[in-house]
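Student:
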Amino acid sequence: MKLLGEPLVHFLVIGGILFGAYYLADAGGGEPSGEEIIISSGEIASTAAIFNQTWQRAPTAEELDSLLSERIRDEVFYRQGVAMGLDRDDVVVRRRIRQKMEFVADLTADVAPTDAELKAFVAEHPEWFRKEARFSFDQVYFPASGGAMPDAAALAALLRDLNSGAVDASTAGSPFMAGADFRDLTKSDVARTFGEDFAASLGKVAQGQWNGPVASAYGSHMVRLTGRVEAREPPFGQVRKAAEREWLHIRKIASNDALYEQLRSRYVIKVEAVPAGIVEERQAGVTP
Amino acid sequence: MLKTKHILVSTALAGASVLFASPVTAQSTVTDIGTIDAETVVPGKAPGYSPYAGRNFPSRVFWGDTHLHTSASLDAGAFGTRLGFEDAYRFARGEELTASGGERVKLSRPLDFLVISDHSDNMGFFPALFAGDPKMLADKTGRRWYDLVQKGGQDGVKAALEIIDSFSRGQFPKALEFLPGSDGFRSTWDQIIAAAEKYNEPGRFSAFIGYEWTSQVPPGNNLHRVVIYRDGGAQAKQTLPFTTYPPQGSTTPEDLWKHLQAYEDKTGGRVLAIAHNGNLSNGWMFPIETNPSNGQPLSAEYAETRARWEPLYEVTQIKGDGEAHPYLSPNDEFAGYELWDKGNLNLSEVKKPEMLVSEYARAALQTGLLLEGRLGTNPYKFGMIGATDSHTSLATAEEDNFFGKHTGAEPKADRASHEFMRNGDVFLMGWQMVSSGYAGVWASDNTREAIWDAMRRKEVYATTGPRMLVRFFGGWEFTDADAQSRTPAFAGYAKGVPMGGDLSDAPDGKAPTFLLAALKDPLGGNLDRIQVVKGWIDAAGARQEKVYDVASSDGRVAGADGKLPAVGNTVDVATATWANTIGASELVKTWTDPDFDPALRAFYYARVLEIPTPRWTAYDAVRFSVKMPDGVPMFGQERAYTSPIWYTPRG
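Below, the structure written as structure tokens:
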């Protein structure tokens, strides 16, 4: 590390060690336990490096002093606390340590799959990587409320006139904030805009002519499908990144579970009988 | 058409981002902050026939949560949250998974972006054993473990067990030992970055790198900020997040801003910070005279620096809505929404009424105008977003799908009736948790860069959970015809500025005009009304505010008292259902300020109200067959708050 070559750092490291020694020698009015707390030069360097990564500059001598004395204070209380068993029933400590163990398990899952592995994986789960159908369409809107909805005969007439060109779609119906013509939307984008039923209907209408009315979350629409790209399975190159993500995800869960099972098998686990009266009785008629 | 929202969710997996004025195709990912050129958006002025060619304004709202905690946050982990970063992203992207409490859970529709914002304090360090780096591979044991891991399956487990055993016997190979800060080490921050890189998919889903700087000034005054990076991992990992424990960190916002500046200087990256829960700061969030961190009068530098780093405020979330308080806004009948106003964050100090003016967004926007007059810069010139602040890895904000503040408050029969927290005589009940909120962002594309730029220029709005579409433009020339146009956004951008923008240079004799439009959430309640909230400082230096009902449903008109009649209520609490038989699916209107004084600074923002719909407590009561305690609200009017448009007199 470049940092370690700096004279200032050398100075600080030595100062820090001396400070640490002084602190320890002077600490405690009782008998020294003889147990050493060593703040290694590597640790001092890394403390300074973390400061540097936070602040984009090296710590001053006072700042490093302060960091190290905090570190020593931590260590003294930590050791004493652990000796007293204060870590044993602390849910935060337990959770943190469990997280670190799970992280070790995650690391063992974090590898680079080969293309062959991923291709096989994609072949096993084609539906995960399929490209959605895409639609282009125009729409004429009739709000559900406000009395602007024509009756069936008027709608039939409008449909005929739209298809014959006697009526211009850009002046028919009501303005719609989401727009009148849409290009190249995925089916799920259509569903997000108009609702799932509308998106399903759009998948069924004939291309090129006006159809309707089609119901949406907002009212009714005449629609003209102007383009459609069917759902398809894209080339491997386009899904490689997604496939790797999913492949790793599955592997990670499996390796985490497997490690847990292995570690658990090292223990004999005994759960004593549940004492009477400590479990809440569910009331009749309560539906989960 | 009486339907429960529950049924709607299952039958109509629908609509986050709706399109505004039509076609959306792949657009450039390059955006420029705050420089939407009116010339290029006017139909007919485009170079060719198509009005859409060359258009460069945002045509789409992207929905997201800017504030979510995972198991990496110590408090979330302690409450039992087991879901991590990857689960959080997968859930936001629309996947179904099992919550830490055991329930299966899925969003009604995916989000478009997510900021995982775990607390920067207590981010741990982990050994990087299997980065495949040459040093490790050169060691015989390291090589063996590496090979086992590569084989996977039971061999991987074998490697993990050997590693664990060697650790516990103190026989870990010297060559693989590590120290924090050395290159053999990985921090939680590296993991956060790696997960964001993995799930970021430009065009489909934006996974932002971010964290929460959790400054809590004793005894417990909330000054928290979420920090959001525009950048990818290569830049973000060059620095570590800012923490609050001295000397490494600090609880003073000025030190956070220095840290952000150092990041930008070093990496050329971009970051912004979003404060939240002024309601739990006991008067510290938006100071008026004195900077609470040093006891000195607020300075010009404070104002400039805060305005530079904090363009947005998180106005609504699980721990209370912070738009307006009835004590400050006695004439606003909708000001009392989902308040948490008992005390500070840990309830160690009770709330005093005089604190409120430095806590709520509307008052802070007024204070900003005051301070701009005094200091030259408005430190509180913020846009508004909503976020969840969930500690469950689950970004849920919908009333019928609310998974609570933390894992202990995930759905179960008694979560509403249990105490949520207590300090002495001051307490909050479980039912007071707020199922809120999300951020709507008008951006040109779903990329980190486009969405971050929209946040920076404040073209964003807050909702308490529903995904209604809201447009808000200010200018001098808007007419009724613009509101009736098929494409109001063209007029909006051509003749004015969008939400988050500025007006100045009032033409003689003219008052500002506004173009407002709202479309209901396709899964949500109809719209009751659109309001404009105006705030200003009068000639005598006093705070003023007025709420105007601009557009409303069902042909209602104001009564003799000037008040618009209530929209009504179709909620059936017994079944947790409502009907969209009242209200409007869409409201569009042009509005002119009737009380304009060109000499006075002012701000305007839009508030959109839905008709009443069931609150999460009503869904809990039905689904668990429990009776809620008396006084628990069972329905409410969900809402959106846009970023303001500011008027500044010339000179």
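Residue numbers (my numbering), protein chains in the order written: chain A, 24 to 311; chain B, 292 to 942.
All C-beta atoms in this analysis are idealised placements derived from N, C-alpha and C, irrespective of residue type, glycine included.
Just to confirm the assignment, what range does the alpha helix (DSSP H) spanning Met124(A) have?
Tutor: Val114 to Ala132 is the extent of the alpha helix (DSSP H) around Met124(A).
Student: Taking C-beta pairs closer than 9 Å, name the residues in chain A that Leu810(B) reaches, listed in chain order.
Tutor: Here the neighbours are Phe199, Met200, Ala201 and Tyr241.
Student: Are Ala802(B) and Phe694(B) touching if we call contact CB-CB under 8 Å?
Tutor: No, the Cβ-Cβ distance between Ala802(B) and Phe694(B) is not below 8 Å.
Student: Examine chain B for any beta-carbon lying closer than 8 Å to the beta-carbon of Trp78(A), and answer yes or no.
Tutor: Interface residue, yes.
Student: If you measure from the beta carbon of Val333(B) to each beta carbon in chain A, is any gap under 8 Å?
Tutor: With a pLDDT of 46 at Val333(B), under the threshold of 50, the predicted position of this residue should be treated as unreliable, and no value is reported.
Student: If we cut at 8 Å on Cβ distances, does Glu377(B) have a partner in chain A?
Tutor: With 8 Å as the cut-off, Glu377(B) counts as an interface residue toward chain A.
Student: Under three-state DSSP, which class holds Glu901(B)?
Tutor: Note: Glu901(B) maps to strand in three-state DSSP.
Student: Would you say Gly250(A) lies against chain B (beta-carbon separation less than 8 Å)?
Tutor: So no, Gly250(A) is outside the interface.
Student: Please look up how many angstroms separate the CB atoms of Gly787(B) and Leu806(B), rounded, as I've assumed it's under 8 Å.
Tutor: Indeed, because the Cβ distance is near 7 Å, the residues count as touching under 8 Å.
Student: Going by CA-CA distance only, name the one from Ala214(A), Arg255(A), Ala281(A) and Ala254(A) that's closest to Arg400(B).
Tutor: Ranking Ala214(A), Arg255(A), Ala281(A) and Ala254(A) by Cα distance to Arg400(B) puts Ala214(A) first.
Student: One question on the structure: do Phe926(B) and Arg906(B) come within less than 8 Å of each other, judged by their Cβ atoms?
Tutor: It is a contact, given that the beta carbons lie within the stated cut-off.
Student: Compare the Cα-Cα distances from Pro889(B) to each of Asn669(B), Val899(B) and Leu794(B) and report the closest residue.
Tutor: Answer by Cα proximity: Leu794(B).
Student: Do the stretch 811–819 of chain B and the stretch 234–248 of chain A touch if we need at least three Cβ pairs shorter than 8 Å?
Tutor: Yes, since at least three Cβ pairs between the stretch 811–819 of chain B and the stretch 234–248 of chain A fall closer than 8 Å, the two stretches touch.
Student: Closer than 8 Å by C-beta to Val641(B): which residues in its own chain qualify, once you throw out the five before and the five after it? Chain order, please.
Tutor: Excluding positions up to five away in sequence, the list reads Lys633, Gly634 and Val717.
Student: Rounded to whole angstroms, what is the Cα-Cα separation between Phe499(B) and Arg847(B)?
Tutor: Answer to the nearest angstrom: the Cα atoms are 44 Å apart.
Student: Tell me whether Ala851(B) sits in a helix, a strand or coil according to DSSP, three-state version.
Tutor: Residue state, collapsed to three classes: coil.
Student: What span of residues does the alpha helix (DSSP H) with Arg206(A) cover, start to end?
Tutor: Per DSSP, Arg206(A) belongs to no alpha helix (DSSP H); it is in the beta strand (DSSP E), Asp204 to Thr209.
Student: Ignore the nearest five residues each way along the sequence and tell me which others in Arg653(B)'s own chain have a CB closer than 8 Å to its CB.
Tutor: Contacts found: Glu614, Ala615, Leu619, Ser620, Val824, Gly826 and Glu836.
Student: Is the Cβ-Cβ distance between Ala167(A) and Ser876(B) less than 8 Å?
Tutor: Yes; because the gap between Cβ atoms is below 8 Å, this pair is in contact.
Student: What residues from the stretch 120–145 of chain A come within 7 Å of chain B, judged by C-beta to C-beta, listed N to C?
Tutor: So the list reads Gln122, Lys123, Phe126, Val127, Ala128, Leu130, Thr131, Ala132, Asp133 and Val134, given in the order they occur along the chain.
Student: For the stretch 894–902 of chain B against the stretch 921–938 of chain B, do three or more pairs of beta-carbon atoms, one drawn from each stretch, fall closer than 8 Å, so that the two count as touching?
Tutor: The stretch 894–902 of chain B vs the stretch 921–938 of chain B: in contact.
Student: With 8 Å set as the bound, which would you pick, yes or no: does the beta-carbon of Arg777(B) sit closer than that to a beta-carbon of chain A?
Tutor: Yes, contact with chain A.
Student: Beta strand (DSSP E) containing Asp819(B): first to last residue?
Tutor: Unbroken beta strand (DSSP E) run through Asp819(B): Leu818 to Ile828.
Student: Of all the options Glu125(A), Ile60(A) and Ala72(A), which has the alpha carbon lying nearest to the alpha carbon of Thr530(B)?
Tutor: When each option's Cα is compared against that of Thr530(B), the closest is Ala72(A).
Student: Closer than 8 Å by beta-carbon distance: list the chain A residues that pair up with Thr530(B), in chain order.
Tutor: Ordered by position in chain A, the residues that pass the 8 Å Cβ test against Thr530(B) are Gln76, Thr77 and Gln79.
Student: Just by C-beta distance, which residues in the stretch 512–529 of chain B are closer than 8 Å to chain A?
Tutor: For the stretch 512–529 of chain B, which is checked against every Cβ of chain A, the residues closer than 8 Å are Gln529.
Student: Establish whether the CB of Phe217(A) and some CB of chain B are separated by less than 8 Å.
Tutor: Yes, contact with chain B.
Student: Could you confirm whether any beta carbon from chain B is found closer than 8 Å to the beta carbon of Ile301(A)?
Tutor: Ile301(A) does not count as touching chain B.
Student: Quick check: what's the CA-CA separation for Gln122(A) versus Asp129(A)?
Tutor: Rounded to whole angstroms, Gln122(A) to Asp129(A) spans 10 Å at the Cα level.
Student: Can you pull the chain B neighbours of Gln285(A), defined as C-beta to C-beta under 7 Å?
Tutor: Within chain B, the residues near Gln285(A) are Val448 and Leu452.
Student: Which residue comes first and which comes last in the beta strand (DSSP E) that contains Ala143(A)?
Tutor: Taken as a continuous stretch (DSSP letters only), Ala143(A) belongs to no beta strand (DSSP E), being part of the alpha helix (DSSP H) at Asp138 to Glu147.
Student: Near Met70(A), what residues of its chain come up, given a Cβ to Cβ distance below 6 Å and the 5 sequence neighbours on each side ignored?
Tutor: With the sequence shown as reference, residue 70(A) is identified as Thr, and Met is not the correct amino acid for it. Answer for Thr70(A): Leu90, listed in chain order.
Student: Using the Cα positions of Leu571(B) and Arg597(B), report the straight-line distance between them to the nearest angstrom.
Tutor: If I take the Cα positions, the gap works out to 19 Å.
Student: Mind listing the chain A neighbours of Leu365(B)? Cutoff is C-beta to C-beta under 9 Å, in chain order.
Tutor: Correct list: Val115, Arg118 and Arg119.
Student: So which residues of chain A does His550(B) contact, with C-beta pairs closer than 8 Å?
Tutor: Result: Thr77 and Trp78.
Student: Assuming Glu155(A) contacts Lys210(A) (C-beta within less than 8 Å), just tell me the rounded distance between them.
Tutor: Right, the Cβ-Cβ distance comes to about 5 Å (below 8 Å), so this counts as a contact.
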